[in-house]
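Number of protein chains: 2
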Amino acid sequence: MSTENTVIDRHYCEQLDQHDALATLRDEFDLPHDVIYLDGNSLGARPKAALQRAQQVVTQEWGTDLIKSWNTAGWFALPSSLGDQLAPLIGAEAGEVVVTDSTSINLFKALAAALHMQSGDSKRKTIITERSNFPTDIYMAEGLTRWVDRGYRIVLIDSPEELPHVVNDETALLMLTHVNYRTGYLHEMSAITALAHQHGALMLWDLAHSAGAVPVQLNAAKADFAVGCTYKYLNGGPGSPAFIWVPQHHQAAFNHPLSGWWGHANPFAMQASFAPTPGIRRALCGTQPITSLALVACGLDIFGKTDMQAIRKKSLALTDLFIQLVENRCASHPLGLVTPRAHAQRGSQASFTHPYGYAVMQALIARGIIGDYREPAIMRFGFTPLYTRFVDVWDAVEGLRDILDNERYDKHAERHAVT
Amino acid sequence: MSTENTVIDRHYCEQLDQHDALATLRDEFDLPHDVIYLDGNSLGARPKAALQRAQQVVTQEWGTDLIKSWNTAGWFALPSSLGDQLAPLIGAEAGEVVVTDSTSINLFKALAAALHMQSGDSKRKTIITERSNFPTDIYMAEGLTRWVDRGYRIVLIDSPEELPHVVNDETALLMLTHVNYRTGYLHEMSAITALAHQHGALMLWDLAHSAGAVPVQLNAAKADFAVGCTYKYLNGGPGSPAFIWVPQHHQAAFNHPLSGWWGHANPFAMQASFAPTPGIRRALCGTQPITSLALVACGLDIFGKTDMQAIRKKSLALTDLFIQLVENRCASHPLGLVTPRAHAQRGSQASFTHPYGYAVMQALIARGIIGDYREPAIMRFGFTPLYTRFVDVWDAVEGLRDILDNERYDKHAERHAVT
């Protein structure tokens with residue numbers, strides 16, 4: 000539908016929902032009736048199936064079958080079986096992904112392996128990333144490079160336009176988050192990866208805000224490593240384990256210091272020296288939190304009912320609509336769009352600054368319109384096409400308009416920690 | 000009760016259960032009726048409360064309250080609130096323990112911090128541990144020391160009697176598992192820690208098989224670091240997150256390379272450079288698997304109904320009885336006790352070798368008597384005083400006797416992976 004000459008009102012949004020091919024997938028989720036949830040980019044909503052699965056893990060697998068479940072319920076295989084299920088969503092092959100540990104820990108593994116692979120070239124001493132990257136990506140690089148004390152430097156850039164000027168033959172690794180957590184800016188994965196390779200650098204992508212949100216083609220882009228999160232757009236549950244991708248051709252050289260027994264070639268032989276398993280499971284370390292891990296499948300199962308192209312199409316329609324409505328209906332207020340207008344540069348979120356962004360977001364949340372706030376002054380709204388309706392967009396903007404028009408927010412609100 | 004002049008039979012064991020002060024705690028657990036579970040040292044049984052807690056986390060906290068639960072349900076605080084609850088079981092103070100990540104990852108943090116603290120003394124280049132330690136402890140030390148390439152060496156000893164001869168002024172760290180996973184051998188924590196300190200070495204204890212199984216007094220022993228597991232004797236659930244202990248006086252100097260955003264002084268300020276938080280939370284790294292983490296409390300709650308002295312008393316009574324019955328009733332079979340007879344050297348398990356140990360264990364499991372097998376040739380039986388009855392000991396030994404007397408095991412059984 001074109002929105003050029005159409006009056007956009009709530010009825011129009013209802014019609015969009017009626018024509019939405021993904022509309023029925025909302026039934027797969029348990030969402031509170033009084034909430035418009037635009038924070039799936041922080042914590043994805045709950046798949047209905049997760050309750051039954053949690054009960055099964057706790058009662059049958061843990062309670063009744065006990066230790067046998069490591070084999071009979073596939074617990075030990077879960078990191079790789081979930082990885083195989085996730086792989087197509089990010090353009091990866093089976094045997095290239097494991098779901099395990101946290102994103103931070105997986106970043107450490109990939110960073111360490113990349114530096115190790117580059118260690119033959121003593122000039123390659125820089126890791127390039129963005130100052131605006133999610134902090135833990137930078138912190139993990141800091142932790143690693145400080146600890147090894149071999150002259151590695153972290154170069155922080157302030158704009159992707161700097162990349163052609165800073166990537167050079169001293170670059171060991173370029174590490175970027177595909178979609179920026181604050182702005183929703185989407186990097187060109189293929190072009191940037193090619194730029195890195197042109198200079199002999201390796202390329203690590205953090206897919207925290209893109210897996211399940213935008214189409215990702217890791218192998219087609221010839222990326223070297225990727226990590227990501229399952230509790231945002233993949234709806235795996237609170238703090239559910241993260242994933243790491245190592246393409247087949249890098250696996251033999253993928254060595255990292257977190258060499259725990261789950262990454263051993265023969266973990267049950269109980270040998271006194273480490274020898275990595277040949278495949279992707281060398282990216283594993285220790286025993287995994289099974290209850291949280293098992294629920295990841297409930298989120299992934301829903302993606303089996305659609306595809307990333309359909310999801311992307313709806314995602315852009317939702318964010319287009321949101322941006323257009325905010326700019327039209329809240330035009331008199333000092334809102335600044337920080338998310339790119341160009342589709343090719345936009346993830347599945349829309350962020351606006353407002354001088355009282357924190358207080359306005361608190362007022363929105365108080366009336367059940369849940370987005371979140373990120374320093375500085377950014378109101379962040381995430382759009383999960385699997386369960387967000389066009390009418391939700393309308394209602395959210397109307398709520399925002401009312402709060403702004405009538406100054407229904409506390410200008411002196413104190414900020415509290417939110418994740 | 001003395002067993003010296005008493006006929007030990009099933010009736011006698013029933014009487015022991017009738018006089019057992021901990022007997023009622025078995026009702027806190029959901030155990031299958033047809034199983035004698037002697038594998039709580041691998042995966043603890045399920046507290047009944049865990050089902051309701053899992054349902055609450057999934058439906059109310061995740062499904063309904065969504066992102067708000069990071070604050071309202073205490074998700075973000077969980078690593079430290081659980082750590083405070085766990086602390087008294089290991090002789091630690093509140094503010095000294097966090098429940099987080101896996102034991103392997105926590106070992107890495109403690110190893111790295113210890114080497115960092117010792118780095119002022121260039122002679123201190125060895126990490127001493129046991130060849131019979133659980134492999135991941137050795138593997139993590141290998142991973143760390145290989146990666147930093149500063150001449151660190153791992154010295155593997157074959158008996159604790161070697162300790163006074165190998166610990167010297169080149170020792171950076173002594174790392175031991177308090178109770179050996181195969182043999183159940185229990186180290187003297189205070190004496191060994193004092194030996195390490197006498198030579199200027201730091202002392203790291205792995206409590207995987209002692210937390211919740213034997214009394215542990217980390218502060219009284221003046222230990223430097225400890226890690227451990229919550230899914231064994233603490234009954235936290237399959238693969239539930241591990242813990243790490245750093246005493247107050249070491250926290251300011253506790254620096255490790257896994258410096259993720261959860262360990263930052265101000266994690267929500269989203270600063271582009273890492274600065275560790277002052278307290279124990281600097282041992283945190285990334286986002287934690289909340290569903291698995293939340294269930295840890297259900298196991299810990301049960302310890303609030305007794306104390307480690309009562310647990311230890313029953314533990315020794317159970318293992319004494321088991322050893323005595325096996326040696327009396329299976330006397331004609333080639334069984335070798337590998338667990339120390341001396342109480343002061345025994346954890347909460349009893350292990351016997353048998354030439355067909357694997358096959359015999361499979362036969363036991365097939366009839367619902369669940370222990371496990373560890374290379375080489377070791378049948379391992381764990382005793383969890385919270386839910387194991389004296390009559391279970393009798394029935395388990397009778398099952399073993401029948402299998403051995405009548406050769407009801409498959410001498411050609413192929414070994415499969417077990418965790």
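Protein chains in written order, with numbering that gives the first Met the number 0: chain A, 0 to 418; chain B, 0 to 418.
No residue lacks a Cβ here, since even glycine has one placed at the ideal position from N, Cα and C.
Simplified DSSP assignment, three categories, for residue i
{"i": "Thr6 (chain A)", "result": "Here the sequence assigns Val to residue 6 (chain A), which means Thr is not the residue at that position. In this structure, Val6 (chain A) counts as coil in the three-state DSSP scheme."}
{"i": "Glu160 (chain A)", "result": "helix"}
{"i": "Phe389 (chain A)", "result": "helix"}
{"i": "His411 (chain A)", "result": "coil"}
{"i": "His263 (chain B)", "result": "strand"}
{"i": "Leu441 (chain B)", "result": "In the structure as shown, chain B begins at 0 and stops at 418. Residue 441 (chain B) is therefore absent and cannot be evaluated."}
{"i": "Thr276 (chain B)", "result": "coil"}
{"i": "Phe242 (chain B)", "result": "strand"}
{"i": "Thr23 (chain A)", "result": "helix"}
{"i": "Glu129 (chain A)", "result": "strand"}
{"i": "Arg45 (chain B)", "result": "strand"}
{"i": "Ser209 (chain A)", "result": "coil"}
{"i": "Thr418 (chain B)", "result": "With a pLDDT of 45 at Thr418 (chain B), under the threshold of 50, the modelled position of that residue is not reliable, and the figure given next carries that caveat. In the structure shown, Thr418 (chain B) sits in coil (DSSP, three-state: anything other than H, G, I, E or B)."}
{"i": "Phe107 (chain B)", "result": "helix"}
{"i": "Arg149 (chain B)", "result": "coil"}
{"i": "Gln323 (chain A)", "result": "helix"}
{"i": "Thr182 (chain B)", "result": "coil"}
Own chain partners of residue i with C-beta closer than 7 Å, once the 5 adjacent residues on each side are dropped
{"i": "His198 (chain B)", "result": "Val166, Asn167, Asp168 and Thr170"}
{"i": "Glu95 (chain B)", "result": "Ala86, Trp244, Val245, Pro246, Gln247 and Ile279"}
{"i": "Gly39 (chain B)", "result": "Lys231, Tyr232, Gly381 and Thr383"}
{"i": "Thr182 (chain A)", "result": "Val337, Thr338 and Ser350"}
{"i": "Arg9 (chain B)", "result": "Val390 and Trp393"}
Beta carbon of residue i nearer than 8 Å to that of residue j
{"i": "Leu428 (chain B)", "j": "Ala200 (chain B)", "result": "A query on residue 428 (chain B) cannot be resolved here, the shown segment of chain B reaching from 0 to 418 and no further."}
{"i": "Ile104 (chain A)", "j": "Cys284 (chain B)", "result": "yes"}
{"i": "Met174 (chain B)", "j": "Ala220 (chain B)", "result": "no"}
{"i": "Leu37 (chain A)", "j": "Thr305 (chain A)", "result": "no"}
{"i": "Ala195 (chain B)", "j": "Thr176 (chain B)", "result": "no"}
{"i": "Thr290 (chain B)", "j": "Leu77 (chain A)", "result": "no"}
{"i": "Val213 (chain A)", "j": "Gly303 (chain A)", "result": "no"}
{"i": "Val97 (chain A)", "j": "Ala264 (chain A)", "result": "no"}
{"i": "Thr144 (chain B)", "j": "Ile126 (chain B)", "result": "yes"}
Chain A contact for residue i (CB, 8 Å cutoff)
{"i": "Ile289 (chain B)", "result": "yes"}
{"i": "Arg9 (chain B)", "result": "no"}
{"i": "Thr418 (chain B)", "result": "For Thr418 (chain B), the pLDDT reaches just 45, beneath the cut-off of 50, and the residue's location in the model is therefore unreliable, although a value from the coordinates is still provided. Yes, because at least one Cβ of chain A sits closer than 8 Å to the Cβ of Thr418 (chain B)."}
{"i": "Gly259 (chain B)", "result": "yes"}
{"i": "Cys284 (chain B)", "result": "yes"}
{"i": "Ala220 (chain B)", "result": "no"}
{"i": "Phe242 (chain B)", "result": "no"}
{"i": "Met139 (chain B)", "result": "yes"}
CB contact check: residue i to chain B, cutoff 8 Å
{"i": "Thr58 (chain A)", "result": "yes"}
{"i": "Met0 (chain A)", "result": "A caution first: Met0 (chain A) carries a pLDDT of 47, below 50, which makes its placement in the model unreliable, though a value can still be read off. Not one chain B Cβ lies under 8 Å of Met0 (chain A)."}
{"i": "Leu65 (chain A)", "result": "yes"}
{"i": "Trp204 (chain A)", "result": "no"}
{"i": "Val147 (chain A)", "result": "yes"}
{"i": "Tyr386 (chain A)", "result": "no"}
Chain-order list of residues whose beta-carbon lies under 8 Å from that of residue i (same chain, five-residue window excluded)
{"i": "Val359 (chain B)", "result": "His353, Met378, Leu399, Ile402, Leu403 and Tyr408"}
{"i": "Ile322 (chain B)", "result": "Leu336, Thr338, Arg340 and Ala349"}
{"i": "Lys122 (chain B)", "result": "Asp168 and Glu169"}
{"i": "Asp157 (chain A)", "result": "Glu129, Arg130 and Ser131"}
{"i": "Ile369 (chain B)", "result": "Val34, Ile35, Tyr36, Leu37, Asp38 and Leu363"}
Residue of the options minimising C-alpha distance to residue i
{"i": "Ala251 (chain A)", "options": "A:Met269, A:Leu336, A:Pro275 and A:Asn265", "result": "A:Pro275"}
{"i": "Ala309 (chain A)", "options": "A:Asp319, A:Leu385 and A:Thr5", "result": "A:Leu385"}
{"i": "Val226 (chain A)", "options": "A:Asn70, A:Arg388, A:Leu110 and A:Gly346", "result": "A:Leu110"}
{"i": "His249 (chain A)", "options": "A:Leu88, A:Ser101, A:Cys12 and A:Gln117", "result": "A:Gln117"}
{"i": "Leu88 (chain B)", "options": "B:Ser331, B:Trp393, B:Asp371 and B:Asp300", "result": "B:Asp300"}
{"i": "Ala376 (chain A)", "options": "A:Gly90, A:Leu334 and A:Ile126", "result": "A:Leu334"}
{"i": "Tyr184 (chain A)", "options": "A:Gln344, A:Leu21 and A:Glu161", "result": "A:Gln344"}
{"i": "Leu65 (chain B)", "options": "A:Ala412, A:Leu65, A:Gln54 and A:Gly43", "result": "A:Gly43"}
{"i": "Leu315 (chain A)", "options": "A:Pro277, A:Asn327, A:His332 and A:Arg388", "result": "A:Arg388"}
{"i": "Ile29 (chain A)", "options": "A:Asp19, A:Cys12, A:Leu21 and A:Ala48", "result": "Note on residue identity: the sequence assigns Asp, not Ile, to residue 29 (chain A). Minimum Cα distance to Asp29 (chain A) is reached at A:Ala48."}
Residues near residue i in its chain [Cβ-Cβ closer than 6 Å; skip 5 each side]
{"i": "Ser68 (chain A)", "result": "Glu60 and Trp74"}
Proximity test, residue i beta-carbon vs the ligand COA heavy atom, cut-off 7 Å
{"i": "Leu185 (chain A)", "result": "No copy of the ligand COA occurs in the structure displayed, which carries no ligand at all."}
Contact set between residue i and chain C, taken where Cβ atoms lie within less than 7 Å
{"i": "Thr135 (chain A)", "result": "Checking the listed chains, one finds no chain C in this structure; the protein chains it contains are A and B."}
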